[in-house]
Each structure stands twice: as C-alpha cells, then as structure tokens.
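Quick note, the sequence shown lines up with residues 135 to 366 if you use this note's numbering.
Glycine included, each C-beta is placed from N, C-alpha and C at the ideal position.
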Amino acid sequence: MSVARPPLIVAIDGPAGAGKSTVARALAQRFGLLNLESGAMYRAFALKAIEAGIATNDPAALDLLAHSTHVRLEPGLDGNRVLLDGLDVTAQLRTPEITAAASEVSVHPPIRRWLVGLQQRLGAQGNVVMEGRDIGTVVFPHAPVKIFLDASPDKRGERRYEQNRNTAVVTQLPVKVLEEIRERDRRDRTRADSPLRPAPDAAIIDSTDLTLDEVIERAAALVEGYLGGSDL
Ligand code: DC
135 MSVARPPLIV AIDGPAGAGK STVARALAQR FGLLNLESGA MYRAFALKAI
185 EAGIATNDPA ALDLLAHSTH VRLEPGLDGN RVLLDGLDVT AQLRTPEITA
235 AASEVSVHPP IRRWLVGLQQ RLGAQGNVVM EGRDIGTVVF PHAPVKIFLD
285 ASPDKRGERR YEQNRNTAVV TQLPVKVLEE IRERDRRDRT RADSPLRPAP
335 DAAIIDSTDL TLDEVIERAA ALVEGYLGGS DL
C-alpha cells in the first residue's frame with residue numbers, strides 16, 4: 135500500500151557564512167523548490183526598527199512595532215525579494231548595521247514567535263527549502279530533510295569577505311568581518327529562545343575543507359535519498 139509522503143521541506147541551518155544561501159539556491163533550482171530565506175525577515179524588521187528609532191534591546195517597543203509591520207518574501211531564482219510594508223527593501227538589507235541589528239532583534243521571543251508563524255505559513259504547502267538558524271529545530275521540526283551546514287569561523291570570515299568584496303555592498307577589512315561573524319555567532323548560539331544548534335536528526339555538513347560543488351552534491355544526495363525512499 136502506498137502511503138502519502140509528507141510535503142518536502144528542506145531545512146538548512148547553520149552559522150553566518152557557512153554557505154546556506156548558496157546551497158539553498160542550488161537545491162531550489164535542482165529540485166524545483168521555493169527558496170525562502172528566513173534571515174531576510176529578521177533583517178527587514180531590523181531595518182524598520184532602525185528607521186523608527188527603536189532600540190534593538192527594547193522588547194516592548196519592538197513588539198509594538200511588529201504589530202504594525204508587514205514583511206513579505208517573494209522567492210525568485212536569484213534569491214528573495216523582500217517587501218517591508220509593501221516596499222521593496224531587498225537592496226538595503228546587507229549592510230553591517232542591519233546585519234548586526236537583525237541578530238539583536240532576533241533574540242526577543244515575541245519577535246521570533248511572529249516571524250516563525252509567518253515562516254510556517256509560507257512553507258506549509260511544502261516543496262520549499264528554507265534556510266536560517268532554527269528551521270530544523272523550531273520552524274519545521276518535522277521537516278523530512280534537515281541539514282546543518284557548518285565551517286570554521288576563519289573560513290566563514292574569509293568567504294564572507296570575498297562575497298562582500300565582489301558585490302561591493304560593504305567595504306570592511308577582513309579582520310573586521312571575522313570579528314562581526316564571531317560576535318553574531320556568539321549571540322545566535324547563546325540566546326535563550328531557539329539558539330542556533332543542529333536538530334538531533336540533522337545531517338551535519340562541515341564545509342571547511344569542501345568545495346562548493348562538493349557541499350551541494352552532499353546536500354542534494356540527502357534530498358534524493360528522501361525522494362527516492364518514499365512513495366509518490
Ligand atoms: O541568515 P541571515 O544572516 O540573513 O540572518 C540574519 C540574522 O537573523 C541572524 O544573525 C540571526 C537571525 N535569524 C534567526 O534568528 N533565525 C533565523 N531563522 C534566521 C535568521
């Protein structure tokens with residue numbers, strides 16, 4: 135007897151600069167999945183808080199602000215377009231200021247509850263790959279494919295520096311990039327609500343000494359394993 139398989143959700147978690155976005159994009163293209171970047175939602179809200187002059191360590195004011203904020207992700211082949219209260223803010227979300235503020239606002243439970251709810255609604259129909267910090271642990275704890283992508287801090291700093299340099303979004307010294315990555319890791323891993331950690335059933339891929347293609351092939355093999363192993 136064939137049993138309906140649960141909707142395909144690929145959860146990719148890991149620290150900054152581990153390659154989550156690139157791997158998520160490759161899987162989305164290969165398997166025809168919607169690619170949803172949950173971090174972009176925290177970034178959009180951080181932008182709103184900064185524009186409203188609200189401190190990232192003021193949970194009550196942030197919670198109030200969240201009630202009048204609309205964040206929407208529009209997945210596309212090259213990444214997500216992010217709409218904040220109907221305006222496209224995609225190009226504004228990668229500055230060091232927003233990067234740090236996104237990590238800061240994300241420690242507050244009411245902000246997490248709100249965005250996790252939106253993420254769950256976005257992904258509920260399946261056929262998605264969603265990347266973030268708590269996708270396999272909190273947002274989709276029953277996702278059939280969970281990947282925790284890691285790499286040494288030095289390697290992640292190096293990659294992030296190259297990435298920034300190529301896009302010329304930010305000009306920062308390599309040492310500064312590494313410092314920010316370490317600080318963000320510390321905050322993302324030690325927050326009380328949904329800290330960054332692998333789900334017990336996640337496949338851990340350490341990309342420190344792997345090429346991008348090797349990482350993508352390993353991740354794709356996990357998806358193929360699921361697709362091949364379950365009834366259609
Ligand atoms: O993935 P990113 O670098 O765009 O994420 C920015 C910040 O948002 C990250 O430092 C922590 C927060 N975040 C989170 O707490 N949970 C997620 N699922 C995604 C991002």
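The beta-carbon separation of R293 and G151, rounded to 5 Å, stays under the 8 Å limit for a contact. Sequence-distant partners of V223 (beyond 5 residues in either direction) whose C-beta falls short of 7 Å from its own C-beta, in its chain, are A178, L181, V216. Within a 10 Å sphere around the beta-carbon of E313 sit fewer than 16 other beta-carbons, which makes this residue exposed.
Under the three-state reduction of DSSP, D268 is assigned to coil, being neither helix nor strand.
Between ligand 1 and the CB of R267, the shortest heavy atom gap is smaller than 6 Å.
For F165, the enclosing alpha helix (DSSP H) begins and ends at 154–165.
E348 and S341 have their C-alpha atoms roughly 9 Å apart. Contact between L199 and A183 is confirmed by a C-beta separation of about 6 Å, below the 8 Å threshold.
Using a 10 angstroms sphere on the CB of V309, the tally of other CB atoms stays under 16, which defines it as exposed. Looking only at S286, R267, L167, R352, the smallest Cα-Cα distance to R325 is reached by R267. For V309, DSSP assigns no beta-bridge partner whatsoever. The segment 214–291 is shown to contain whole beta strand (DSSP E) runs of 3 or more residues at 262–266, 279–284, in chain order. In this structure, T190 keeps its C-beta atom at 7 Å or more from the C-beta atom of E265.
Taking the Cα of L356 as reference, the smallest distance to any Cα among S286, V263, P287 is reached at V263.
Distance check between H242 and each of I350, L170, I338, Y176 places Y176 closest, using alpha-carbon atoms only. Ligand 1 has no heavy atom closer than 6 Å to the beta-carbon of G213.
Residue pairing from DSSP places E208 in a beta bridge opposite R215. Each residue's CA atom was taken as its position, placing F282 and D219 some 32 Å apart. Under DSSP, L170 forms a beta bridge with M264. In this structure, ligand 1 has no non-hydrogen atom nearer than 6 Å to the beta-carbon of G148.
Annotation for I188: no beta strand (DSSP E) segment contains it, and DSSP assigns it neither H nor E. In this chain, the beta strand (DSSP E) harbouring A337 covers 337–340. Inter-residue distance for A236 and Y360 is about 33 Å (C-alpha atoms, whole angstroms). Around the Cβ of L142, a 10 Å sphere holds 16 or more other Cβ atoms; the residue is buried.
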